[in-house]
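In UniProt numbering, the protein residues as written are 76 to 693.
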Ligand code: FEO
Ligand code: CA
Ligand code: CA
Ligand code: CA
């Protein structure tokens with residue numbers, strides 16, 4: 076591993092590239108292959124994709140889902156072979172109904188869904204894919220038909236683990252003991268553990284459920300925005316079959332209990348979502364576990380800090396919604412690699428929420444029942460109650476409301492934790508006044524904040540923070556739009572965004588971006604990789620969504636990749652030698668990837684290599 080951090084070594088690609096608006100553009104000397112687009116056969120019996128997506132719901136249960144998002148490459152071997160063979164775990168966050176159903180889809184005015192197979196296909200398009208991939212002799216990567224391959228969907232049985240397991244608030248007709256549930260939805264970003272498991276995170280899960288009761292709704296629904304009508308959802312809960320009807324979380328009237336007194340409805344079904352789910356990619360028979368100790372919110376991802384033997388395992392987690400919070404989990408048990416598994420570290424520990432002080436310091440505040448006012452007198456009745464209502468607990472202890480916390484990654488060289496704050500139209504209104512960590516009213520373009528824990532120890536409760544970089548248009552664009560606010564007019568070079576300089580300076584044209592979302596710090600090169608998910612980009616002076624790399628020491632930022640029309644860039648992982656990079660194109664809306672004559676847009680994974688076989692970014 077080189078000690079010196081490098082600058083991006085490639086020629087930056089332009090944000091606007093006439094004629095290439097519906098293509099992937101990478102620098103000279105790099106090549107891109109498309110791997111496993113939506114609908115590709117993934118698990119037994121490997122149903123082939125039917126062009127136009129005429130596949131059934133049953134087919135999709137063994138095919139790649141939609142909206143490829145966070146992912147991780149687990150090498151299958153130590154040493155060089157691990158760079159050519161691995162298990163990829165890949166999230167499927169959401170769907171585009173118009174592209175999923177080639178003959179159109181049916182939905183009544185009340186939101187109900189008359190065609191069961193459409194609902195089945197939508198549910199199967201969510202979740203996670205676990206599948207082996209390998210590099211062939213010709214350099215191409217392909218899916219291998221392997222014992223590891225499996226689809227996890229919004230219907231897959233899951234265990235509930237940790238302090239909220241068995242809570243009354245998790246009991247349903249499906250699991251009267253509150254220990255099991257079905258499915259995971261809106262799997263956004265991810266994480267992975269030192270014991271080689273995958274963490275998938277439930278982000279905008281609330282919008283899949285509804286509760287038609289509009290007064291006196293429980294905070295487990297109201298604080299998370301569970302809608303009041305089926306029309307605000309995909310309408311899965313309108314189907315009569317139990318496996319779909321459960322998405323209607325309206326309490327039965329009168330209350331419906333069985334003879335043992337067990338609840339017999341699905342009012343608590345939505346409480347089984349909003350968690351981090353741990354999946355063992357190497358045991359295809361294993362049941363995924365919802366790790367309740369890590370809290371319930373709009374989980375973007377779950378990034379495990381580098382571990383130290385004898386010290387706790389630490390997981391960083393953002394809640395991506397306007398004005399929500401940043402969290403970390405610190406395990407009770409000190410890390411010992413010889414007894415590493417999720418049951419040891421992810422079920423017992425302390426969940427903290429971040430407070431960013433005005434003076435550049437910060438604190439992690441424990442969300443522990445009985446501490447910091449989280450007591451019955453204040454409406455918190457147990458640790459399970461605190462965890463199921465994590466947002467309410469964070470409100471109570473007065474944490475810092477952030478501009479939509481997305482990805483968070485640790486830079487092993489400096490000990491910094493970087494966090495993308497993607498944008499926030501609500502900043503400067505209501506309970507979200509402008510503050511030093513969220514300094515731009517309306518923040519349309521987002522920024523990246525970072526911190527260092529006290530003495531670089533991830534488990535400590537004090538930190539110091541600063542802003543790493545602001546998203547925003549180039550000075551040229553700002554001038555051509557005739558706009559100034561909220562940007563300072565400092566036309567100097569990109570490096571000024573770094574410490575000790577004017578942090579609101581403009582980035583150069585090689586580096587302008589907005590709405591940072593995906594993040595990765597490559598421990599080999601020290602490059603900070605940034606992926607974007609902005610809106611109205613062309614009209615606002617930005618190109619398509621993109622990926623850049625930055626050297627945080629020199630301040631050099633260069634655009635590495637521009638995606639096709641309508642997509643966001645998200646998900647990033649690499650082979651151990653960093654010579655193959657995997658990133659995802661999510662929800663393109665043109666004709667990309669345009670393979671085998673198919674012009675229906677499909678999310679897909681990009682496999683990026685350097686033509687000279689070098690490390691990506693050099
Ligand atoms: Fe699914 Fe916050 O991105
Ligand atoms: Ca997305
Ligand atoms: Ca995201
Ligand atoms: Ca986003």
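Each residue gets a CB set at the ideal place from its N, CA and C atoms; glycine is no exception.
Counting every other CB atom within 10 Å of its CB across the protein chains shown gives residue 153 a total below 16, marking it as exposed.
In the DSSP assignment, residue 526 forms a beta bridge with 492 and 540.
The three-state reading of DSSP puts residue 589 in coil, since its state is none of H, G, I, E or B. For residue 237, the closest of 129, 462 and 215 by C-alpha to C-alpha distance is 462. Listed by position in the chain, the residues whose beta carbon lies within less than 5 Å of some heavy atom of ligand 3 are 481 and 592. Under the three-state reduction of DSSP, residue 162 is assigned to strand. Taking non-hydrogen atoms of ligand 1 into account, the C-beta of residue 277 is found less than 7 Å away from none of them. Of the candidates 676, 188 and 136, the residue whose Cα lies closest to the Cα of residue 306 is 188. In this structure, the C-beta of residue 168 approaches ligand 1 to less than 7 Å from one of its heavy atoms.
Between the alpha carbons of residue 396 and residue 543 lies a gap of roughly 21 Å. Here residue 106 carries a strand assignment [DSSP, helix/strand/coil]. Secondary structure note for residue 406: its beta strand (DSSP E) is the uninterrupted segment 401-409. In the three-state reduction of the DSSP assignment, residue 440 falls in the strand class.
Taking a C-beta distance under 8 Å as the contact criterion, residue 659 and residue 144 qualify as a contact pair. Looking at the DSSP output, residue 374 shares a beta bridge with 394. Secondary structure at residue 471: helix, using DSSP grouped into helix, strand and coil.
In this structure, 178 is the residue among 626, 168 and 178 with its C-alpha nearest to the C-alpha of residue 675.
Excluding the 5 residues flanking it on each side, residue 139 has same chain C-beta neighbours closer than 7 Å at 111, 112, 113, 114, 115, 117 and 204, in chain order.
Out of 360, 601 and 645, the CA that lies nearest to the CA of residue 693 is found in 601. For residue 584, the Cβ stays outside the 7 Å cut-off from all heavy atoms of ligand 4.
Here the distance from the Cβ of residue 395 to the nearest heavy atom of ligand 1 is below 7 Å. Taken in chain order, the whole beta strand (DSSP E) runs of length 3 or more contained in the stretch 316-376 are 351-354 and 364-366. Judged by DSSP secondary structure, residue 144 falls within the beta strand (DSSP E) whose first and last residues are 143-150. In the three-state reduction of the DSSP assignment, residue 196 falls in the helix class, which pools H, G and I. One thing to note: residue 98 has its Cβ within 8 Å of the Cβ of residue 639. As the crow flies, the alpha-carbon of residue 302 is around 43 Å from that of residue 414. In the DSSP annotation of this structure, the continuous segment of the alpha helix (DSSP H) that includes residue 417 starts and ends at 417-420. Positions of the alpha helix (DSSP H) runs, each at least 4 residues long and wholly inside the stretch 240-300, are given as 294-297 in order along the chain. Per DSSP, residue 424 lies in no alpha helix (DSSP H); the unbroken beta strand (DSSP E) holding it starts and ends at 424-431. Less than 8 Å divides the Cβ of residue 83 from the Cβ of residue 635. Look at residue 263: its beta carbon is less than 7 Å from one of the heavy atoms in ligand 1. Residue 386 is bridged by DSSP to nothing; it lacks a bridge partner. Where residue 225 is concerned, the enclosing beta strand (DSSP E) starts and stops at 225-227.
Assignment of residue 632 by DSSP, reduced to helix, strand and coil, places it in the strand class. For residue 399, the shortest separation between its Cβ and any heavy atom of ligand 1 does not lie below 7 Å. For residue 521, no beta strand (DSSP E) encloses it, and the DSSP letter there is neither H nor E.
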